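Scroll down for the structure; my scribbles are underneath it.
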Amino acid sequence: MLSVVAMAIGLGFLAWILWTLLANGLGALTGTFFTGDTPAPGSEGGGLRNAIVGSLMIVGLSTLVSTPIGILAGIYLAEYGDTNRFGQVTRFVTDIMLSAPSIVIGLFVYALYVAKVQHFAGYAGSIALTLIAVPVVVRTTDNMLRLVPNSLLEAAFALGAPRWKVALMVRLRAVKAGVITGVLLALARISGETAPLLFTALDNQFFSTDMNAPMANLPSVIYKFAMSPYDDWRSLAWGGALLVTFTVLFLNILSRTVFTQKTPR
């Protein structure tokens, strides 16, 4: 009974948040929202095209980098993580990074990259988001690979298959849906991160695809516009928050659906 009550309270708050976003942000999702760039203070019109494109580029690059690294590291931990000290240290560091505040990662990339090149950049934002996404993919891949029955692995070894081929062609293939779930969860995690981008990519009022320069992104623009005294900026902030929220919600629902339907037996 208490579990049902707790679930009802959680769903109630979720519905309240979604209703507030819809009520305040739906009106901002006009044609110019997706075709116009961020307006100057106090001016009418404009949109978040530059921020949307910037977020897609930063998050997309981060996903392309973190996915193979995370999957390969997860395979290594599943195969050798319990038999050598390096694997144990890697798993320990991964657990620490999973719980590390994102603002700390942003400051780390700022000191390591931004302070060295002396300018903010989209690449720095991608590095920060990659450091957040990799542990999620690693942990999910490691956990999913451990669900593969030993009998399946023993059968592959009995046929004379080498260990690397068993790991890639048998073990990974058996849980590929679960690994995709981990990638989607990592993508949902980094899509709405604000703190790391404030110290790395920062913002750009104009449309730009130069990843080696400050780049507009939705989380930073929402943060800046929501705190402004201009009604048009606050309206765009609500629209951006609605877009990010429903994108993350869609990714989470998709990942849960894939995971539920494809759990290995």
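For the sequence shown, my numbering assigns the number 1 to the initial residue and increments by one for each residue that follows. Virtual Cβ for every residue (Gly too), placed ideally from N, Cα, C. If you're wondering where the values come from, they're calculated on a predicted model, not measured in any experiment.
First and last residue of the uninterrupted alpha helix (DSSP H) at residue i
i      : result
GLN205 : Segment: none, GLN205 is in no alpha helix (DSSP H) and carries neither H nor E.
ALA195 : 195-198
MET1   : Per DSSP, MET1 belongs to no alpha helix (DSSP H) and is neither H nor E.
GLU154 : 150-158
SER55  : 49-80
MET144 : 122-145
VAL179 : 176-191
VAL221 : 218-226
GLY31  : 31-35
Whole-angstrom distance between residue j and residue i, CA atom to CA atom
i      : j      : result
PRO68  : GLN118 : 30 Å
THR35  : LEU98  : 36 Å
THR194 : GLY106 : 9 Å
LEU159 : PHE92  : 35 Å
ILE222 : LEU236 : 8 Å
LEU249 : LEU187 : 11 Å
VAL5   : SER62  : 39 Å
THR263 : MET1   : Because THR263 carries a pLDDT of 45, less than 50, the predicted location of this residue cannot be relied on, and the following value inherits that uncertainty. Rounded to the nearest angstrom, the two C-alpha atoms are 28 Å apart.
ALA167 : ILE190 : 28 Å
LEU145 : LEU72  : 12 Å
GLY70  : TYR230 : 42 Å
VAL104 : ALA124 : 14 Å
ALA100 : THR90  : 15 Å
MET7   : ILE17  : 15 Å
LYS165 : ALA155 : 13 Å
ALA28  : TRP19  : 15 Å
ASN143 : SER151 : 18 Å
GLN261 : PHE199 : Note that GLN261 has pLDDT 46, beneath the 50 cutoff, so the model's placement of it is unreliable and the number below is only indicative. Using only the alpha carbons, I get a separation of about 39 Å.
LYS176 : THR83  : 24 Å
Whole-angstrom C-beta distance between residue j and residue i, which should lie under 8 Å
i      : j      : result
VAL109 : ILE127 : 5 Å
GLY25  : TRP238 : 4 Å
THR181 : SER255 : 5 Å
PRO196 : LEU129 : 6 Å
THR32  : GLY54  : Not quite, the Cβ-Cβ distance comes to about 17 Å (not below 8 Å), so this is no contact.
ALA213 : ALA121 : 6 Å
Proximity below 8 Å, CB of residue i to CB of residue j
i      : j      : result
ILE58  : ALA201 : yes
SER66  : ALA133 : yes
THR140 : VAL179 : yes
LEU184 : LEU21  : no
GLN205 : THR38  : yes
ASP203 : GLU44  : no
LEU207 : ASN50  : It is Phe, not Leu, that sits at residue 207 in the sequence shown. For PHE207 and ASN50, yes; Cβs fall inside 8 Å.
LEU48  : GLY240 : yes
TYR76  : GLY60  : no
GLY192 : VAL244 : yes
Residue i at chain B interface by Cβ criterion, 8 Å
i      : result
ASN212 : Among the protein chains of the structure shown there is no chain B, as only one such chain exists.
Jot down the residue ranges of each uninterrupted alpha helix (DSSP H) in the region 88-112, minimum 4 residues, whole runs only, in chain order.
102-109
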